[in-house]
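For reference, the structure is listed below as structure tokens.
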Amino acid sequence: MRNKENKPHFDTGEFLKKVILPGTVILILILLFWGDNKPAIPDPVPLNAEWYTPETARGEILVNTVMPGNCFICHSVQVPDQNVIRPQFAHPTVKLDHGVNDRCYNCHHIYDRDNLAGDGETKIKFATPEKLCARCHGIIVRDWKEGTHGLRQGGWLVKDGATPINFTCTECHDPHSPKFKYKIAAPAPTWPEKTLRQARHSDDDPKSAYLTESIQERF
Amino acid sequence: MSTEEQKDLELKNAEKPEPAISRRYFLAGAACVSAATAVSLSPLLNAEEVPSTDDFIQKHYKQLSDEDKKEIFAKLEARIDKQYGVTATISDPQPIEGVEFAYVLNLGRCIGCRKCVYACMEENNQSRSPQKQYIRVLKMKQGTVNLETSSHDYPEKEASSEDHFYMPVACQQCREPKCIEVCPVKATWKEKDGIVVVDYNWCIGCRYCEAACPYHARRFNFAKPQIPTEDLNPDMGYLSNRPRYMGVMEKCTFCLHKTRRGEYPACMEVCPTGSRKFGNLRDPKSEVRKIIEQERVFVLKQEAGTLPKFYYTFAK
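Protein sequence lines correspond, in order, to chains A and B.
Per this note's numbering, the first sequence starts with residue 137, numbered consecutively.
Per this note's numbering, the second sequence starts with residue 4, numbered consecutively.
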């Protein structure tokens, strides 16, 4: 029981409990919330139009385009060689990289520069390259005709007036080197680190060895 | 001290009990508490987006009548005009009868150029700063589909690498969406054509759906979304690409303002290699239906039981 006679006694414990403690709490709160502690958000920058403009995979590569001029100036003089592999000096931009199909006259008509080679002596117009491609890639051309292969624009619902826009083979693939060589790539996301999935565990990272090992064992 | 005196003292104490807390301490404490409350609430003074009374009493999207919608759209258009100086049209196309949207992505063709990511940003008025993107393109080593060791922040020079393949992942528009199950206020739901949408005015920003999604397809606006005026797409849908508020969730909606008019989504039209295919799953003549019938397709994280309508294939 406390002694009531010593009333003006200064109680340190009480002082600590009722003044210092709330004071510290307030100080901490002020330190936490005072001032302009909004994270610095940079001003928005418009996107580069190149990153969202639709174009086909061949849109930017124009090296292997049609040769200008009259082909017969050379080709009437020269006797065509059925087995010619490497394009001649007049076609410096043509680099043939089409797998086993490495003969010029497999696709080009041997006597007619303005046409492509069909079955036998028949000719295929340059405007319909899919007929030529179909001679080897029949299944893909079938898919393309059904719309399941290749880029398509316009709309999924065929309404009056609105028709889907299809592209022919050579609008996306370079016939001399059909593998995509599309060069326009857009940059990586710039999200906050916290929400960005960093490539910390690359396949070569020893930290992720257990993942790749277990997969190799499974197969 | 005799027992009598002691009794006397006890009686005195009982008559005049010492207060548990004195007036001085009470005032000091009250001042401390109110100061602390004021300080801790002071960030509210700088709140960037305070909803108006109309916004506050606005009903859920499904309870809005056509007249309500007209009024709300006009209000939003006026607000966009004031903020950006752009005359936007907010439309609200309804699901088409007999249409269920599906997506097919050919991983054998994707070169990881990320054009879909930026076409999506442009079409859907996503915040440029801080950046929001619906699509993540995961770069993976050939031979495995290992999401653990994939990366989506590879630099652009690592695109179209021979040793890797690229898997763009966005909202899978699941048939059993886990995100709508967890929403405590039903601010997100599945439409009749299978698109999962968010009512940005009803969302309370609890981010349960973000946590529930196995594909990390939802994005939260921690800060006020910022879009440059010249980049704003004026063709807006109420449930899709109108400007979002701070503190709400957003997600891919298959560009419903476009696709419900019969157009293709932005990511599909921009793909230079034609890896992406979009269409009506219920139409036997549609591209997606033909691919699903003819090719071997798979869905991401099948074991999650979400039954996605976003299919991947490794077709020729």
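Quick reminder that beta carbons are idealized off the backbone N, C-alpha and C, glycines included.
Open item on the list: Using a Cβ-Cβ distance cut-off of 8 Å, determine whether Tyr-137 of chain B contacts chain A.
Closed with: With 8 Å as the cut-off, Tyr-137 of chain B does not count as an interface residue toward chain A.
Task: Counted within 10 angstroms of its Cβ, other Cβ atoms place Ala-226 of chain A as buried (16 or more) or exposed - done: Under this definition Ala-226 of chain A is an exposed residue.
- [ ] Check distances from the C-beta atoms of the stretch 116-144 of chain B to those of chain A and list, in chain order, the residues that come in under 7 Å.
- [x] Closer than 7 Å at the C-beta level to chain A, one finds these residues of the stretch 116-144 of chain B: Cys-116, Arg-117, Lys-118, Val-120, Tyr-121, Ala-122, Met-124, Glu-125, Arg-131, Ser-132, Pro-133, Gln-134, Gln-136, Lys-144.
Task: Whole-angstrom distance between Arg-112 of chain B and Phe-301 of chain B, CA atom to CA atom - done: Looking at the two C-alpha atoms, the distance is approximately 16 Å.
Open item on the list: On a Cα-Cα basis, can you pick out the residue from B:Arg-247, B:Ile-75, B:Asn-109 that is closest to Met-124 of chain B?
Closed with: Distances from the CA of Met-124 of chain B to each of B:Arg-247, B:Ile-75, B:Asn-109 were compared; the closest alpha carbon is that of B:Arg-247.
TODO: Kindly list, in the order they appear in chain B, the residues whose Cβ is closer than 8 Å to that of Gln-289 of chain A.
DONE: Taking a Cβ-Cβ cut-off of 8 Å, the neighbours of Gln-289 of chain A in chain B comprise Tyr-267, Glu-272, given in sequence order.
Task: Listed by chain order, chain A residues near Gln-175 of chain B by CB distance under 8 Å - done: The premise fails here: Gln-175 of chain B is roughly 17 Å from chain A at the closest Cβ pair, so nothing lies under 8 Å.
Open item on the list: Using C-beta distances below 7 Å, list every residue in its chain close to Cys-216 of chain B, excluding the 5 sequence neighbours before and after it, in chain order.
Closed with: The beta carbon of Cys-216 of chain B is closer than 7 Å to those of Lys-181, Cys-182 in its chain, skipping five residues each way along the sequence.
TODO: Rank A:Gly-159, A:Tyr-188, A:Val-215 by C-alpha distance to the C-alpha of Ala-34 of chain B and give the top, closest one.
DONE: Nearest C-alpha to Ala-34 of chain B: A:Gly-159.
Task: Nearest-angstrom Cβ-Cβ length linking Gln-118 of chain B and Pro-275 of chain B, presumed shorter than 8 Å - done: The sequence shown places Lys at residue 118 of chain B, rather than the Gln named in the question. That belief holds up - the Cβ atoms of Lys-118 of chain B and Pro-275 of chain B are roughly 6 Å apart, short of 8 Å.
TODO: Quick one: using the 10 Å Cβ neighbour count with 16 as the cut-off for buried, is Leu-303 of chain B buried or exposed?
DONE: So Leu-303 of chain B ends up on the buried side.
Task: Neighbourhood of Glu-126 of chain B by C-beta, 7 Å cutoff - its chain only, sequence neighbours within 5 removed - done: Excluding residues up to 5 positions away in sequence, Asn-236, Asn-244, Cys-258, Ala-269 lie with their Cβ nearer than 7 Å to the Cβ of Glu-126 of chain B in the same chain.
- [ ] Under 8 Å between beta-carbons, which chain A residues line up against Phe-281 of chain B? List them in chain order, please.
- [x] Residues of chain A passing the Cβ test: Trp-292.
TODO: Run through the stretch 47-128 of chain B for me and flag every whole beta strand (DSSP E) of 3 or more residues, listed as ranges in chain order.
DONE: Runs found: 92-94, 104-109.
- [ ] Indicate whether at least one CB of chain B lies closer than 8 Å to the CB of Phe-225 of chain A.
- [x] Chain B, which has no Cβ nearer than 8 Å to the Cβ of Phe-225 of chain A, makes this no.
Task: Burial state of Met-29 of chain B, where buried means 16 or more other Cβ atoms lie within 10 Å - done: Correcting the residue identity first, residue 29 of chain B is Phe in this sequence and not Met. That one is exposed.
TODO: Run through the stretch 193-248 of chain A for me and flag every whole alpha helix (DSSP H) of 4 or more residues, listed as ranges in chain order.
DONE: Within the stretch 193-248 of chain A, the complete alpha helix (DSSP H) runs of at least 4 residues are 208-211, 240-243.
- [ ] Anything in chain A within Cβ reach of Thr-191 of chain B, meaning under 9 Å, just list it in chain order.
- [x] Close partners of Thr-191 of chain B in chain A (Cβ separation under 9 Å) are lacking, with about 19 Å as the shortest Cβ gap.
- [ ] Measure the C-alpha to C-alpha separation of Asn-206 of chain A and Thr-306 of chain A and round it to an integer number of angstroms.
- [x] Their Cα atoms are separated by approximately 22 Å.
Task: Any 3 or more C-beta pairs closer than 8 Å across the stretch 98-113 of chain B and the stretch 250-266 of chain B - done: Taking 8 Å as the limit for Cβ pairs, the verdict is that the stretch 250-266 of chain B does touch the stretch 98-113 of chain B.
Open item on the list: Given a cut-off of 8 Å on the beta-carbon distance, is the pair Leu-324 of chain A and Asp-156 of chain B in contact?
Closed with: Note that residue 324 of chain A corresponds to Ala in the displayed sequence, not to Leu. Closer than 8 Å, so yes.
Open item on the list: Does any residue of chain D have a CB that is nearer than 8 Å to the CB of Val-42 of chain B?
Closed with: Of the chains in the structure shown, none is chain D; the protein chains are A and B.
Open item on the list: Counting only Cβ-Cβ distances shorter than 9 Å, please list the residues of the stretch 146-164 of chain B near chain A, keeping chain order.
Closed with: Of all residues in the stretch 146-164 of chain B, only Gly-146, Thr-147, Asn-149, Glu-151, Thr-152, Ser-153, Ser-154, His-155, Asp-156, Tyr-157, Pro-158, Glu-159, Lys-160, Glu-161, Ala-162, Ser-163 come within less than 9 Å of chain A when Cβ atoms are compared, listed by chain position.
TODO: Would you kindly check if the distance between the Cβ of Ser-45 of chain B and the Cβ of Phe-169 of chain A is under 8 Å?
DONE: For Phe-169 of chain A and Ser-45 of chain B, yes; Cβs fall inside 8 Å.
Task: Close beta carbons around Pro-223 of chain A, own chain, < 7 Å, minus the five adjacent residues each side - done: Cβ neighbours of Pro-223 of chain A beyond the five flanking positions: Val-230, Leu-232, Cys-240.
Open item on the list: Less than 8 Å between the C-beta atoms of Lys-293 of chain B and Glu-282 of chain A, yes or no?
Closed with: Yes, these two residues count as a Cβ contact at 8 Å.
Open item on the list: Once the 5 residues before and after Trp-192 of chain B are set aside, which same chain residues still bring their CB inside 6 Å of it?
Closed with: Answer for Trp-192 of chain B: Ile-183, listed in chain order.
Task: Beta-carbon gap between Arg-210 of chain B and Met-252 of chain B smaller than 8 Å - done: Taking 8 Å as the Cβ cut-off, Arg-210 of chain B and Met-252 of chain B qualify as a contacting pair.
TODO: Taking C-beta pairs closer than 7 Å, name the residues in chain A that Glu-233 of chain B reaches, listed in chain order.
DONE: Pro-182, listed in chain order.
- [ ] Reducing DSSP to helix, strand and coil, say where Glu-151 of chain B ends up.
- [x] Three-state DSSP puts Glu-151 of chain B in coil, outside helix and strand.
Task: Beta-ladder partner(s) of Phe-317 of chain B, from DSSP - done: Residue pairing by DSSP places Phe-317 of chain B in no beta bridge whatsoever.
- [ ] Tell me His-167 of chain B's beta-bridge partners as DSSP assigns them.
- [x] In the DSSP secondary-structure assignment, His-167 of chain B is bridged to B:Lys-144.
- [ ] Just list the beta strand (DSSP E) runs in the stretch 245-316 of chain B, keeping only unbroken ones of 3 residues or longer that don't cross its boundaries, in chain order.
- [x] The beta strand (DSSP E) runs of length 3 or more contained entirely in the stretch 245-316 of chain B are, from start to end of the chain, 279-283, 313-316.
- [ ] May I have the straight-line CA-CA distance separating Thr-90 of chain B from Gly-197 of chain B, to the nearest angstrom?
- [x] For Thr-90 of chain B and Gly-197 of chain B, the distance between alpha carbons rounds to 30 Å.
Task: Backbone CA spacing between Ser-163 of chain B and Cys-210 of chain A [nearest angstrom] - done: Straight-line Cα distance between these residues: approximately 38 Å.
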